[in-house]
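The first sequence begins at 4 in the working numbering and counts up one residue at a time.
Notes for the one structure printed next.
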Amino acid sequence: MAQDFSTREENYSQWYNDIVIKADLAENSAVRGCMVIKPYGYAIWEKMQAVLDKMFKDTGHSNAYFPLFIPKSFFSKEASHVEGFAKECAIVTHYRLKNSPDGKGVIVDETAKLEEELIVRPTSETIIWDTYRNWVQSYRDLPILVNQWANVVRWEMRTRLFLRTAEFLWQEGHTAHSTQNEAIAETEQMLKVYADFVENWMALPVLQGIKSANERFAGAVETYCIESLMQDGKALQAGTSHFLGQNFAKAFDVKFTNKEGKQDYVWATSWGVSTRLIGALIMAHSDDKGLVLPPKLAPFQVVIVPIYKKDEQLAEVSVKALEIKKALEAIGISVKYDNRDTQKPGWKFAEYEFKGVPVRLALGPRDIEEGTVEVARRDTLEKKTYSQENIAETIKNLLEDIQKNLFDKAYKFREDSTTKVDNWEEFKSVLNNKGGFVLAHWDGTSETEQKIKEETKATIRCIPLNNPLEDGKCVFSGKPSIQRVVFAKSY
RNA sequence: CGGGGUGUGGCGCAGUUGGCUAGCGUACUUGCAUGGGGUGCAAGGGGUCGGAAGUUCGAGUCUUCUCACCCCGACCA
């Protein structure tokens, strides 16, 4: 069978869709905007969850679970929050169905109308802060360090698998603190956790920074983010961490008695990453032959494909293959031995290639005779024959090398795609022709950012942490500026 | 939510100004050969043409409505 993928060059978004479908990660469901995450795609999410969950626990957090439904009245308690989410909420209005009078199916029973309508959570701040009120009396009850793994619903107009769906999976951390400084430290700590995860596990370099007022989370005082760059030159926000100040504490009346015996509102944070990370993972590393996965997140890191003609040969090859599998597993490498007789070796090679398995071993009668094994790496598509001696060690090093190579490649791409720009013409030209991150001076006003967005589609992705100060003139308004900020078109 | 497009065996598609038995590729099943990069040959099974209503002697084809998906906008993680 010939090439059945779109290439990045031909049609980037089609290429992305093809990979999601053909690598068996997810598919559209019967429900508009909602996807089915298939086992292979879900396995990646489970790996992400496992790593992040440990990171959260290691920083002192515990998991809990709050309801899917939120009373409508909760939403209006925090003004900017409701404004931010009102337009994309799913609402439960009734609790019963009945048989249709015409005998065809069921209809909503109008007599079963809910006293108070329920919102399907687009995020859980309101229900959680309403709950926290009862958990906090004294500074001794703080901090509260809770995370939940959940699904949320945002009624999006236009959806794309993993990148934007009406329902998605995520984690949301919600913490409460007795001081502002402690809450800010928590916000920054979790940003670092995300950056660590995305760089060291997803092999994707990120910029860490804070959002401009326009891009800030609805209800936050400050939004911190990590921003990554995709191969088409568009930015993707990989994670956010919010310092919520006392906004939600005031809205939900969460007070505590401090050491001085005085009442004060608690200080809050929230932080989250979602299944969108899988979209980032796909777009960051994959090529025209399909998915490319970093070894640390691949559902299985190595696949062994036996080559044989007769059953006796398969038996012989299998002995060796299982021996190698065992040796690899002994040092923590996950291995699939694909001895299905229903598919040909060549077919399997192609399949594992577009599913992004980092390393493929082929083992046949010739190898048995010569004590060798053929090793193919997915990232560079190189094929080499190694001795079976020390094969586990060889593969271990190879996996580490692949992980590093993917990061380095993505890092180089980001560096090559980052441009300093000092005038408006150049700004527009770089965005339209080259894309990527554009570092430019900005006068700090929302109006300017808004106008730039209208003219170029680019937004401020972040103001980097520890950003070097540098006098200059705003690329749009010409007004004085003290630093460059990061502009890009984004997902 | 606006503009454009597409819905025909699992998947990808063809189907003329309405016409008689709805095709092709691939996948699937069986057999034989094959097996170090998506095997070859042969024989088979599978479709109320997205759904509903209408026009007509006759609808995959025309009309209206509806649903879903894709692309481009506005909005958003």
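No residue lacks a Cβ here, since even glycine has one placed at the ideal position from N, Cα and C.
query	result
If I measure Cβ to Cβ from F410 and keep anything under 6 Å in the same chain, skipping five residues before and after, which residues do I get?	A206
Quick one: what's D267 bridged to in DSSP?	F259
Look at the alpha carbon of K262 and the alpha carbon of Y142, and state the distance between them as a whole number of angstroms.	7 Å
Under a three-way DSSP split, which group does D235 fall into?	coil
Quick one: is V109 buried, meaning 16 or more other Cβ sit within 10 Å of its Cβ, or exposed?	exposed
As an exercise, report each continuous beta strand (DSSP E) stretch of at least 3 residues that is fully enclosed by the segment 88 to 140, in chain order.	94 to 97, 100 to 102, 109 to 111, 116 to 123
Given a threshold of 16 other Cβ atoms within 10 Å of its Cβ, counted over all protein chains shown, does S65 qualify as buried or as exposed?	exposed
Drop a sphere of 10 angstroms on the beta-carbon of V34, count the other beta-carbons inside from all chains shown, and report buried for 16 or more, exposed for fewer.	exposed
Under 8 Å, do I22 and L294 count as touching if we go by C-beta distance?	yes
Classify D112: buried if its beta carbon has 16 or more other beta carbons within 10 angstroms, exposed otherwise.	exposed
What number of angstroms, rounded off, separates the C-alpha of K408 from the C-alpha of I281?	Checking the sequence, you will find Asn at residue 408 rather than Lys. In a straight line, the C-alpha of N408 is about 19 Å away from that of I281.
Where does V348 fall in DSSP's three states?	Looking at the sequence itself, residue 348 is Pro, so the reference to Val does not match. Correct three-state label for P348: helix.
Rank A333, W350, K399 by C-alpha distance to the C-alpha of P361 and give the top, closest one.	K399
So what does DSSP say about E225, is it helix, strand or coil?	strand
Do R363 and V308 count as a contact pair if the criterion is CB distance below 8 Å?	yes
Given M4, which residues of its chain have a CB within under 6 Å of its CB, disregarding the five upstream and five downstream residues?	Because the pLDDT at M4 is just 33, under 50, the model does not fix this residue reliably, and the value given afterwards should be weighed accordingly. Hits under 6 Å: none found.
If you drop the 5 nearest sequence neighbours on each side, which residues of the same chain put their C-beta closer than 8 Å to that of W48?	I40, L172, T278, I281
Start and end of the alpha helix (DSSP H) containing W152?	Looking at the DSSP string, W152 is not in any alpha helix (DSSP H); the run it does join, the beta strand (DSSP E), is 147 to 156.
Assuming V320 is part of the beta strand (DSSP E), what are its boundary residues?	Run containing V320: none in the beta strand (DSSP E); it sits in the alpha helix (DSSP H), 314 to 333.
In the DSSP assignment, the beta strand (DSSP E) including D199 goes from what residue to what residue?	No beta strand (DSSP E) contains D199, which is instead part of the alpha helix (DSSP H) from 183 to 203.
Under 8 Å Cβ to Cβ from L145, same chain only, skipping five residues before and after it: list those, please.	V139, A179, H180, S181, F259, V269
Have a look at Y227 and T10 and give me their C-alpha separation to the nearest angstrom.	34 Å
Suppose contacts are defined by Cβ-Cβ distances below 8 Å. Is E175 in contact with R167 by that definition?	no
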